[in-house]
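Enquirer: Next up is a structure, given as structure tokens.
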Amino acid sequence: MDSDSAITFYGGAGTVTGSNFLLEHNGTRILIDCGLTQGEQYCHKCNYDDFEYDPASIDVLIATHAHADHIGRIPKLVRDGFNGVIYSTPATRDLSSIMFDDAVRILEDEARKENREPLYTLLDARKAMSLWKGVEYHAKGDASGIPFTFLDAGHILGSAMVEFLLNGKKVVFTGDLGNSPAPLLKDTERVDGATYILMESVYGDRNHEDRSARREKLKEAIVDTEGRGGTLLIPAFSIQRTQVLLYEINNMVEDGEVNEIPVFLDSPLAIKVTDIYRNYESLYNETVKKEIAAGDDIFDFAKLSFTPRVEESKAILTTPGPKIIIAGSGMSTGGRVLHHEKVYLQDSKSMLLLVGYQAVGTLGRHIADGLKHVTIFNDTINVRAEVRLIRGYSAHKDGEHLVEFVEPSAETLRKVFVAMGEPKASNFLAQRLHDFLGVDALVPKKGDRVVLEL
Ligand SMILES: [Zn+2]
């Protein structure tokens, strides 16, 4: 039996997306995440490539959270021979199931257009779900004999860090780390006494802008658009960003800070995700729990409508007077938001409010950059609506807080692996960890295998 303990970095090394790490210990092989490569350096085809290991040789797969760059290739892994157990928190399991169903539609569509096999089918996704077991935060997990525990990462609902105990030493994989304190979610849990940490570094070289202005800016956007009788259109990601917006608008409406105007959540996926959020109220932070205990339904307020059906979505256009529409996708790369943008971008009374990162090359980025003519469904659209950006909705820790996160383990750490970031961000963070905490920090490259000294 191989008595080595090692980590191999198959994805999420030198890049933000495609998270995929192999932990080996006493012959047991555990994958942490199996995500899609996406974003700026979009590598569409490489998602279709064979895995660099035999999926059938993997005993256990652990999913840190339900974002596509962490779970998006799991059904392919199953199709290619993985037949072990998948563990995540119950919320991540439920969210993943919805995300797969949604992805299958898009993948099959793409495959038809490009005349090839889809990355995976509904059958592969269903098989993946049949292998999937939920483990609560802080419960004693067992990955083929290796003890593990999920800790709250505070990034999206159900997001977890996984803490393994190998020869009595803590080896921690952070997944993505939340920008705590955050609306809705609890803070990222403290990790101390770790021997190895593999961490994300998306914003390793940056500090976020002040978050306190965020809510005020949202309120101003609502008030200003309503004042001129326009439509406030907010492209939003389905998980977390949408629920935070609903929660904040809920409070503004119920506290009388803004007038009651029609609000539409026009995204079938985001509606399903919001239902899952409702099932896990125990995962909210204390402020939100108190509001719920006092009788508030945080995702329901006067004049809010969910519009899952196409006819309902089309009817939004005929709703007179000022209104708010929240729709996907978050970067305007597809989804119903495009139909609304086609109409409301041409209306000088309306406003497009961008609340998330807009990748280079996306329609959202073109609009954010101030282009006055954009193309939607082959039509040229004159942008007459006001465009505003709100930063501060980031769901990731910034550089300063990533260092703070590592600090409680500074004395015990053998090494920190700085991953899930662009090289510039990862290298900067590694240097900071070394300079500020005296920690040995390494930026691994794709394919590197590092033996752990335990
Ligand atoms: Zn994430």
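full-length UniProt numbering puts the first residue of the sequence shown at 1, with every later residue one more than the last.
Glycine residues also receive a C-beta, built at the ideal position from the N, C-alpha and C atoms.
(1) By the three-class DSSP mapping on this structure, what secondary structure does L304 have?
(2) Rounded to whole angstroms, how far is the Cβ of P55 from the Cβ of G81, which I believe are closer than 8 angstroms?
(3) Among the candidates Y196, D275 and R384, whose CA atom is the shortest distance from the CA of L91?
(4) T318 to V310, Cα distance in whole Å?
(5) Does the distance from the CB of N167 to the CB of S5 come in under 9 angstroms?
(6) Determine the DSSP secondary structure at I98, reduced to helix, strand or coil.
(7) P444 to N427, Cα distance in whole Å?
(8) Determine the direct distance from the alpha carbon of I298 to that of N251, and round the result to whole angstroms.
(9) Measure from the alpha carbon of G399 to the alpha carbon of each residue in Y203, K217 and T375, then state which is nearest.
(10) Count the other C-beta atoms from every protein chain shown that fall within 10 angstroms of the C-beta of C46, then say buried if there are 16 or more, exposed otherwise.
(11) Just confirm the distance between the C-beta atoms of Y196 and V171, as a whole number of angstroms; I'd bet it's less than 8 angstroms.
(12) Can you find the residues in the same chain that come closer than 6 angstroms, C-beta to C-beta, to D448, ignoring five residues on each side of it along the sequence?
(13) Looking at the secondary structure, which residues open and close the beta strand (DSSP E) in which E386 lies?
(14) Assign N20 to one of two classes, buried (16 or more other C-beta atoms within 10 Å of its C-beta) or exposed (fewer than that).
(15) Pick helix, strand or coil for G321, following the three-state DSSP scheme.
(16) Would you tell me roughly how many angstroms separate the C-alpha atoms of L95 and Y393, rounded to the nearest one?
(17) Over what stretch of residues does the beta strand (DSSP E) that includes A182 continue unbroken?
(18) Mind pulling the beta strand (DSSP E) runs of 3 or more residues that sit fully within the region 132-203?
(19) Near ligand 1, which residues have their beta-carbon less than 5 angstroms from any of its heavy atoms, given in chain order?
(20) If you draw a straight line from the alpha carbon of F51 to that of L31, how long is it in whole angstroms?
(21) DSSP three-state call for M351: helix, strand or coil?
(22) Grouping DSSP H, G and I as helix and E and B as strand, with all else coil, what is Y357?
(23) State the CB to CB distance for the pair G178 and G154, rounded to an integer number of angstroms; the pair is presumed to be in contact (CB under 8 angstroms).
(24) Using CA coordinates, which residue listed in G141, D101 and E114 is at the minimum distance from residue 478?
(25) For V451, count the other beta carbons within 10 Å of its own beta carbon; 16 or more makes it buried, fewer makes it exposed. Which is it?
(26) Mapping the DSSP letters down to three states, classify N427 as helix, strand or coil.
(27) Rounded to the nearest angstrom, what separates V439 and L454 at their Cα positions?
(28) Classify G370: buried if its beta carbon has 16 or more other beta carbons within 10 angstroms, exposed otherwise.
(29) I need the straight-line Cα distance from L283 to T174, nearest angstrom please.
(30) Determine, using beta-carbon pairs with one atom in the region 225-244 and one in the region 333-353, whether at least three such pairs fall under 8 angstroms.
(31) Can the beta-carbon of L157 be found closer than 9 angstroms to that of Q240?
(32) The beta strand (DSSP E) that contains E24, what's its start and end?
(33) Does the separation of the CB atoms of V288 and L184 fall below 9 angstroms?
(34) Using three-state DSSP, classify L413 as helix, strand or coil.
(35) Give the straight-line distance between the Cα atoms of R206 and R432, rounded to the nearest whole angstrom.
Expert: Answer, in terms of the structure:
(1) Numbered from 1 along the sequence shown, position 304 holds the residue referred to as residue 304. Three-state result, L304: strand.
(2) Position 55 of the sequence shown, counted from the start, is the residue given in the question as residue 55. Position 81 of the sequence shown, counted from the start, is the residue given in the question as residue 81. Yes, they are in contact, since the Cβ atoms of P55 and G81 sit about 4 angstroms apart, within 8 angstroms.
(3) The residue labelled residue 91 in the question sits at position 91 within the sequence shown. Checking the sequence shown, residue 91 turns out to be Ala, not Leu. Ranking Y196, D275 and R384 by Cα distance to A91 puts D275 first.
(4) The residue you call residue 318 lines up with position 318 of the sequence shown. The residue you call residue 310 lines up with position 310 of the sequence shown. T318 and V310: Cα-Cα distance of roughly 14 angstroms.
(5) Residue mapping note: residue 167 aligns to position 167 of the sequence shown, counting from 1. Residue mapping note: residue 5 aligns to position 5 of the sequence shown, counting from 1. Result yes, Cβ atoms of N167 and S5 sit closer than 9 angstroms.
(6) Position 98 of the sequence shown, counting from 1, holds the residue named residue 98. Looking at I98 - three-state DSSP - the assignment turns out to be helix.
(7) As a working note, residue 444 is residue 444 in the sequence shown. As a working note, residue 427 is residue 427 in the sequence shown. Their Cα atoms are separated by approximately 10 angstroms.
(8) Here residue 251 is taken as the residue at index 251 of the sequence shown, counted from 1. Here residue 298 is taken as the residue at index 298 of the sequence shown, counted from 1. About 8 angstroms.
(9) If you number the sequence shown from 1, residue 399 lands on position 399. Selected option, being the one with the closest Cα: Y203.
(10) Residue 46 sits at position 46 when you count from the first residue of the sequence shown. Per the 10 Å Cβ criterion, exposed.
(11) To locate residue 196, count along the sequence shown from 1; it is residue 196. To locate residue 171, count along the sequence shown from 1; it is residue 171. That belief holds up - the Cβ atoms of Y196 and V171 are roughly 5 angstroms apart, short of 8 angstroms.
(12) Residue 448 sits at position 448 when you count from the first residue of the sequence shown. Closer than 6 angstroms at Cβ, skipping near neighbours: F9.
(13) Taking the sequence shown and counting its residues from 1, the one referred to as residue 386 is at position 386. E386 to L389 is the extent of the beta strand (DSSP E) around E386.
(14) Start at 1 with the first residue of the sequence shown, and residue 20 comes out as number 20. N20 is buried by the Cβ-count criterion.
(15) For the purposes of this step, residue 321 is taken as residue 321 along the sequence shown, with counting starting at 1. Of the three classes helix, strand and coil, the one that applies to G321 here is coil, per DSSP.
(16) As a position in the sequence shown, residue 95 is number 95, starting the count at 1. As a position in the sequence shown, residue 393 is number 393, starting the count at 1. So the alpha carbons of these two residues sit roughly 21 angstroms apart.
(17) By 1-based counting over the sequence shown, the position of residue 182 is 182. Careful: A182 lies outside any beta strand (DSSP E) and carries neither H nor E.
(18) 132-134, 141-143, 146-152, 160-166, 169-173 and 194-199
(19) H67 and D176
(20) The sequence position of residue 51 within the sequence shown is 51, counting from 1. The sequence position of residue 31 within the sequence shown is 31, counting from 1. So the two alpha carbons sit approximately 12 angstroms from each other.
(21) For this step, residue 351 is matched to residue 351 along the sequence shown. Looking at M351 - three-state DSSP - the assignment turns out to be strand.
(22) In the sequence shown, counting from the first residue as 1, residue 357 sits at position 357. Reduced to three states, the DSSP call for Y357 is coil.
(23) Stepping through the sequence shown from its first residue, residue 178 is reached at position 178. Stepping through the sequence shown from its first residue, residue 154 is reached at position 154. Right, the Cβ-Cβ distance comes to about 3 angstroms (below 8 angstroms), so this counts as a contact.
(24) This structure gives no information on residue 478, because the portion of the chain shown stretches from 1 to 454.
(25) In the sequence shown, residue 451 corresponds to position 451, counting from 1. Label assigned to V451: exposed.
(26) Locating residue 427 in the sequence shown gives position 427, where the first residue counts as 1. In this structure, N427 counts as helix in the three-state DSSP scheme.
(27) For the purposes of this step, residue 439 is taken as residue 439 along the sequence shown, with counting starting at 1. For the purposes of this step, residue 454 is taken as residue 454 along the sequence shown, with counting starting at 1. Straight-line Cα distance between these residues: approximately 17 angstroms.
(28) Counting from 1 along the sequence shown, the entry for residue 370 is found at position 370. The residue in question, G370, is exposed, as its Cβ has fewer than 16 Cβ neighbours within 10 Å.
(29) Translated into the one-based positions of the sequence shown, residue 283 becomes position 283. Translated into the one-based positions of the sequence shown, residue 174 becomes position 174. Cα to Cα, the separation comes out at about 18 angstroms.
(30) yes
(31) As a position in the sequence shown, residue 157 is number 157, starting the count at 1. As a position in the sequence shown, residue 240 is number 240, starting the count at 1. Their beta carbons are under 9 angstroms apart, which means L157 touches Q240 by this criterion.
(32) In the sequence shown, the residue the question calls residue 24 occupies position 24. Taken as a continuous stretch (DSSP letters only), the beta strand (DSSP E) holding E24 covers N20 to H25.
(33) By one-based count along the sequence shown, residue 288 stands at place 288. By one-based count along the sequence shown, residue 184 stands at place 184. Cβ atoms of V288 and L184: closer than 9 angstroms.
(34) Within the sequence shown, the letter at position 413 stands for residue 413. Here L413 sits in coil by DSSP.
(35) Position 206 of the sequence shown, counted from the first residue, corresponds to residue 206. Position 432 of the sequence shown, counted from the first residue, corresponds to residue 432. Taking the straight line from one Cα to the other gives about 12 angstroms.
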